[in-house]
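Trainee: Read in order, the letters of the sequence shown are residues 1039 to 1234 in the working numbering. Backbone N, C-alpha and C define an ideal beta-carbon position, used for all residues, glycine too. Owing to the predicted nature of the structure, the values given are computational and were not obtained by experimental measurement. Here it is, the structure, as structure tokens.
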Amino acid sequence: MTVATRSGIPTMFRSTRFRSRLEARWAAFFDLVGWSWVYEPFDADGYIPDFLIQGEQPFLVEVGPCITDADYITKSAKAAIAFPITAATVGAPGDEVRLARPEHSVLIVGVSPEYARPGWRGTAAGYWHCSDTGSEPLPGFWFHCHVCGNPAVHGNPKTFDMSPCGHSSDYPHRPYGPRVLESAWAEAGNQVQWRA
Ligand SMILES: [Zn+2]
1039 MTVATRSGIP TMFRSTRFRS RLEARWAAFF DLVGWSWVYE PFDADGYIPD FLIQGEQPFL
1099 VEVGPCITDA DYITKSAKAA IAFPITAATV GAPGDEVRLA RPEHSVLIVG VSPEYARPGW
1159 RGTAAGYWHC SDTGSEPLPG FWFHCHVCGN PAVHGNPKTF DMSPCGHSSD YPHRPYGPRV
1219 LESAWAEAGN QVQWRA
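As structure tokens, then:
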């Protein structure tokens, strides 16, 4: 009998053994949306980031079985300690409070690449990690980068440009089509389907 532990069922995909099927599904999804990834790229302080997404604006990804806001925030705790984002006031007291840029930005992703809440203007891939002393969690909204044409997420605390491509623009990128994300996620699931 296979017991699905909290960390999931180890799954092979593209010659890589992932700790969980959910991680393998994200790897397949990254391939389908054209993102170049490295699994468990290095040992950080107290934990190992699940993925590095490469590009002009690289970032780390942490995968968890997140469904609710609370799940995403709980999952971000280790990244927040390793790569803190702190609120820093720029200028005189009373001026705008800005985020001090972390050494690495970490996007926390959950059980689907489409996370949306009432009132949001878009669909998020997940939440950027936050500091429990400083910042609010920032949704990483999906966009269709009109410079390179690739799917990208916004709100990377290190840059605020599109990630991973790094393009910025004077006029807005349009939200990425949910049907593209849906079909890529479905196909990713097919590619890593569990077989007894
Ligand atoms: Zn781009």
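Could you compute how far the alpha carbon of F1080 sits from the alpha carbon of P1087?
Mentor: By 1-based counting over the sequence shown, the position of residue 1080 is 42. By 1-based counting over the sequence shown, the position of residue 1087 is 49. Rounded to the nearest angstrom, the two C-alpha atoms are 7 Å apart.
Trainee: Between P1202 and Y1110, is the Cβ-Cβ spacing less than 8 Å?
Mentor: Taking the first residue of the sequence shown as 1, we reach residue 1202 at position 164. Taking the first residue of the sequence shown as 1, we reach residue 1110 at position 72. No, the pair does not count as a contact, with Cβ atoms beyond the cut-off.
Trainee: For Y1085, count neighbouring C-beta atoms within 10 Å of its own C-beta (all shown protein chains included) and say buried if the count is 16 or more, exposed if not.
Mentor: Position 47 of the sequence shown, counted from the start, is the residue given in the question as residue 1085. Answer is exposed; the Cβ neighbour count stays below 16.
Trainee: Can H1167 and A1118 be called in contact, C-beta distance under 8 Å?
Mentor: Here residue 1167 refers to the residue found at position 129 of the sequence shown. Here residue 1118 refers to the residue found at position 80 of the sequence shown. Result yes, Cβ atoms of H1167 and A1118 sit closer than 8 Å.
Trainee: Among the residues of its own chain, which have a CB less than 7 Å from the CB of P1156, if the five just before and after it don't count?
Mentor: On the sequence shown, residue 1156 is found 118 positions in, with the first residue counted as 1. There are no such residues.
Trainee: Reducing DSSP to helix, strand and coil, say where W1180 ends up.
Mentor: The residue you call residue 1180 lines up with position 142 of the sequence shown. In the structure shown, W1180 sits in a strand (DSSP, three-state: E or B).
Trainee: Quick check on the DSSP output: what are the complete beta strand (DSSP E) runs of length 3 or more inside the stretch 1059-1120, in order along the chain?
Mentor: Segments of the beta strand (DSSP E) lying fully in the stretch 1059-1120: 1074-1077, 1089-1092 and 1097-1101.
Trainee: Considering P1216, what are the terminal residues of the alpha helix (DSSP H) in which it resides?
Mentor: Stepping through the sequence shown from its first residue, residue 1216 is reached at position 178. Its alpha helix (DSSP H) spans residues P1216 to Q1229.
Trainee: On the three-state DSSP scale, how would you describe P1189?
Mentor: Here residue 1189 refers to the residue found at position 151 when the sequence shown is read from its first residue. The answer is strand: DSSP assigns P1189 an E or B state.
Trainee: Can you give me the start and stop residues for the beta strand (DSSP E) that A1162 sits inside?
Mentor: For the purposes of this step, residue 1162 is taken as the residue at position 124 of the sequence shown. Run containing A1162: A1162 to W1166, per the beta strand (DSSP E) assignment.
Trainee: What's the C-alpha gap between D1107 and W1158?
Mentor: Taking the sequence shown and counting its residues from 1, the one referred to as residue 1107 is at position 69. Taking the sequence shown and counting its residues from 1, the one referred to as residue 1158 is at position 120. Each residue's alpha carbon lies about 13 Å from the other.
Trainee: Strictly by DSSP, which residues pair up with T1049?
Mentor: By 1-based counting over the sequence shown, the position of residue 1049 is 11. Paired residues: F1056.
Trainee: Once DSSP output is grouped into helix, strand and coil, what is the label at Y1234?
Mentor: As a first step, residue 1234 must be located in the sequence shown, where it is residue number 196. For clarity, residue 1234 is Ala in the given sequence; the question names Tyr instead. In the structure shown, A1234 sits in coil (DSSP, three-state: anything other than H, G, I, E or B).
Trainee: Which same chain residues end up closer than 8 Å to G1215 when comparing Cβ atoms and leaving out the 5 residues on each side of it in sequence?
Mentor: Walking along the sequence shown from the start, residue 1215 turns up at place 177. Excluding residues within five positions, the ones whose Cβ falls inside 8 Å are H1182.
Trainee: Look at V1149 and L1219 and say whether their C-beta atoms are less than 8 Å apart.
Mentor: Looking up residue 1149 in the sequence shown gives position 111. Looking up residue 1219 in the sequence shown gives position 181. No, Cβ-Cβ distance for V1149 and L1219 is not below 8 Å.
Trainee: For R1212 and F1198, what's the separation of their Cα atoms in angstroms?
Mentor: Translated into the one-based positions of the sequence shown, residue 1212 becomes position 174. Translated into the one-based positions of the sequence shown, residue 1198 becomes position 160. Rounded to whole angstroms, R1212 to F1198 spans 16 Å at the Cα level.
Trainee: Whose C-alpha, out of V1185, H1184, P1177 and C1186, is nearest the C-alpha of H1192?
Mentor: For this step, residue 1192 is matched to residue 154 along the sequence shown. For the residues V1185, H1184, P1177 and C1186, the minimum Cα distance to H1192 belongs to P1177.
Trainee: Taking C-alpha atoms, which residue in S1053, W1073, T1112 and R1055 lies nearest to S1222?
Mentor: In the sequence shown, counting from the first residue as 1, residue 1222 sits at position 184. Checking the sequence, you will find Ala at residue 1222 rather than Ser. Comparing Cα positions, the closest option is W1073.
Trainee: Rounded to whole angstroms, what is the Cα-Cα separation between A1082 and T1112?
Mentor: Counting from 1 along the sequence shown, the entry for residue 1082 is found at position 44. Counting from 1 along the sequence shown, the entry for residue 1112 is found at position 74. Spanning the two alpha carbons is a distance of roughly 18 Å.
Trainee: Between the alpha carbons of I1047 and R1063, how many angstroms are there, rounded?
Mentor: Here residue 1047 refers to the residue found at position 9 when the sequence shown is read from its first residue. Here residue 1063 refers to the residue found at position 25 when the sequence shown is read from its first residue. Each residue's Cα considered, the two are about 12 Å apart.
Trainee: Can you grab the Cα-Cα spacing for the pair L1145 / G1160, in whole Å?
Mentor: Within the sequence shown, residue 1145 is the residue found at index 107, counting from 1. Within the sequence shown, residue 1160 is the residue found at index 122, counting from 1. So the two alpha carbons sit approximately 16 Å from each other.
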